[in-house]
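Number of protein chains: 4
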Amino acid sequence: MDVIKEFFKRDRFSNLVGIELLEVKQGYACAKLKIEPHHLNGFRVVQGGVLFTLADVVCAAASNSEGELAVSISASIHYIKSGREGTTLFAEGKRTCANTKLSSYDIVISNDNDEKLASFQGLVYHKKTTLEEVIRLHPD
Amino acid sequence: MDVIKEFFKRDRFSNLVGIELLEVKQGYACAKLKIEPHHLNGFRVVQGGVLFTLADVVCAAASNSEGELAVSISASIHYIKSGREGTTLFAEGKRTCANTKLSSYDIVISNDNDEKLASFQGLVYHKKTTLEEVIRLHPD
Amino acid sequence: MDVIKEFFKRDRFSNLVGIELLEVKQGYACAKLKIEPHHLNGFRVVQGGVLFTLADVVCAAASNSEGELAVSISASIHYIKSGREGTTLFAEGKRTCANTKLSSYDIVISNDNDEKLASFQGLVYHKKTTLEEVIRLHPD
Amino acid sequence: MDVIKEFFKRDRFSNLVGIELLEVKQGYACAKLKIEPHHLNGFRVVQGGVLFTLADVVCAAASNSEGELAVSISASIHYIKSGREGTTLFAEGKRTCANTKLSSYDIVISNDNDEKLASFQGLVYHKKTTLEEVIRLHPD
């Protein structure tokens, strides 16, 4: 899984947001994010794009977990409870269905009080390239 | 759970399609459908609307499982493998997130060879009415 | 467009539901459905699977409109108003985005009072097969 | 529309990402984003969360355009083409369906070459609070 972790260190937007990838296993990943003031929207709760990005990083890690490039083609999210400043959010998810080209992932976002905030479903397309080739072609 | 089962007997479209509700527990349901020629599309695989309706019935049963009316407001589906004539499909799912008004459900459709065909995510709105009242107001 | 119309005559589930394809142009389609008692759910409004199937047929027609096989891989729907018995529903939609393999469609369902009932978004994968080949390989 | 623009100046995550709201009218909005290195993922294309957040800001602006608080409850996105560093992306969208509590929006993301990159569909819940009250209750 080392290539995955190296790969996600290269994800600049995920770094800007502050997402920390905690674990990656075959078809599974989890990540966390401590909520800071810059994650809030005009209502002073966590902006929807923050929740989406947190889940999307988990979907990307789980779908690339075999070391072959997978790209997201569709995703949906349901927002059930608001995220608050000062809490830490966790996203965890796994592959539910797959064929040779497509796979689908269910991801749930929780807070540090174990309340479920949002549910995310992602669909990815598996390319015939390894992550190592991508890193070699696009060095930093 | 008897009111739920009575309620789903009243679902005429689900009956037209031939869906059989197998089990309903709090926040959980499963159903099955034997694939007949009238479930196929022009490519001779199960029409997407059949898969969607099968998952939707499970979502409706799970979300109405406490006997209070819940109505679907949003749903998404990922199609991974085709369903075939002569097989039996199963949909099973549960609540993943809830607040006092909204709840979200993850449902997976499998065939009788235990292959996962599709993944569905549903969002419902909980109304302040019981299923018994709905049945009383709209008798057959 | 004749091959498309022939193709949709072969869609047995769409025929069971009673959907009538009205028009197909490049990347565009519309269809209608007269609501009968067998389209209703246990609340006596149009079942979600009926609305989904109506929009899905439009998505399939629009995405197959060039005569090359396109298969649905993801779809989502938002339900805004209920459909009622005795009304006629219309679904109309068009391609919004495309690359050589994937394309996306926005479809809106209205009733005969021109009220918008639901919004659907579909994603399809374009295969390297023509509809004529599919019909030849799977004759009735 | 001045209260909307003030409201979006308060959206700290949108500011962090660098999104500029260009126009808001009743049920309509558009926004732009110049793609910088910090918007990229490990494949050196625009991260999915960036595209989602850009569309989500347009959905939020369009749905709050009457000055009454609307909160996002569900969203889905289809990714068709990649966004590239150095380009400027635009998101534009409008309300397609509404009842007194819920409304749905279709949003398309394009680049400065007028290529369509992604299609987004958002569902919001309308609360009985004005944006002015929200700003008054949560001053900066």
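Chains as they are written, first to last, in our numbering: chain A, 1 to 140; chain B, 1001 to 1140; chain C, 2001 to 2140; chain D, 3001 to 3140.
C-beta atoms are modelled at their ideal positions from N, C-alpha and C, and glycine is treated no differently.
These numbers were taken from a predicted model, which means no experiment stands behind them.
At which residues does the alpha helix (DSSP H) containing residue i begin and terminate?
i	result
Phe-2131/C	The amino acid at residue 2131/C is misidentified as Phe; the sequence shows Leu. Start and end: 2131-2137.
Ile-3004/D	3002-3009
Arg-3095/D	Segment 3088-3098 is the beta strand (DSSP E) holding Arg-3095/D; no alpha helix (DSSP H) there.
Arg-2012/C	2012-2017
Express the C-alpha separation of residue j and residue i in angstroms, rounding to a whole number.
i	j	result
Val-134/A	Ala-60/A	15 Å
Glu-3115/D	Leu-3016/D	25 Å
Leu-40/A	Glu-2092/C	38 Å
Leu-3033/D	Pro-3139/D	27 Å
Thr-2053/C	Thr-2088/C	15 Å
Leu-2113/C	Arg-2084/C	Before going further, note that residue 2113/C is Asn rather than Leu in the sequence given. Rounded to the nearest angstrom, the two C-alpha atoms are 11 Å apart.
Phe-2043/C	Lys-1128/B	14 Å
Glu-3023/D	Val-3071/D	19 Å
Lys-5/A	Tyr-2028/C	44 Å
Ile-3019/D	Asn-3111/D	14 Å
Asn-64/A	Ser-14/A	16 Å
Gln-2026/C	Lys-1025/B	47 Å
Leu-21/A	Ile-73/A	21 Å
Arg-1136/B	Ile-2077/C	30 Å
Ala-3031/D	Cys-1030/B	43 Å
Leu-2069/C	Ala-2055/C	18 Å
Ile-109/A	Ile-1109/B	23 Å
Between the beta-carbon of residue i and the beta-carbon of residue j, is there less than 8 Å?
i	j	result
Gly-1067/B	Gly-2049/C	no
Arg-2010/C	His-1038/B	no
Leu-123/A	Ala-62/A	no
Leu-3131/D	Phe-3007/D	yes
Phe-90/A	Ile-107/A	no
Val-2045/C	Ser-2082/C	yes
His-126/A	Lys-94/A	no
Determine the extent of the beta strand (DSSP E) in which residue i is found, giving its start and end residues.
i	result
Asp-2106/C	2102-2111
Glu-3023/D	3020-3025
Is any beta-carbon of chain F found at less than 8 Å from that of residue i?
i	result
Leu-3040/D	Although the question refers to chain F, the structure presented lacks it and instead comprises the protein chains A, B, C and D.
Leaving out five residues on either side along the sequence, give the residues of the same chain with a beta carbon under 8 Å from the beta carbon of residue i.
i	result
Tyr-2079/C	Gly-2048, Leu-2051, Leu-2117, Ala-2118
Gly-2086/C	Ile-2035
By Cβ distance, which residues of its chain are closer than 7 Å to residue i, with the 5 residues on each side in sequence left out?
i	result
Val-2003/C	Gly-2067, Leu-2131, Glu-2132
Ala-3098/D	none
Closer than 6 Å by C-beta to residue i: which residues in its own chain qualify, once you throw out the five before and the five after it? Chain order, please.
i	result
Thr-1096/B	Ser-1104, Asp-1106
Problem set entry | Completely contained alpha helix (DSSP H) runs for the region 1031-1081 of chain B, where each covers 4 or more residues | Scanning the region 1031-1081 of chain B for uninterrupted alpha helix (DSSP H) segments of 4 residues or longer gives 1048-1063, listed from N- to C-terminal end.
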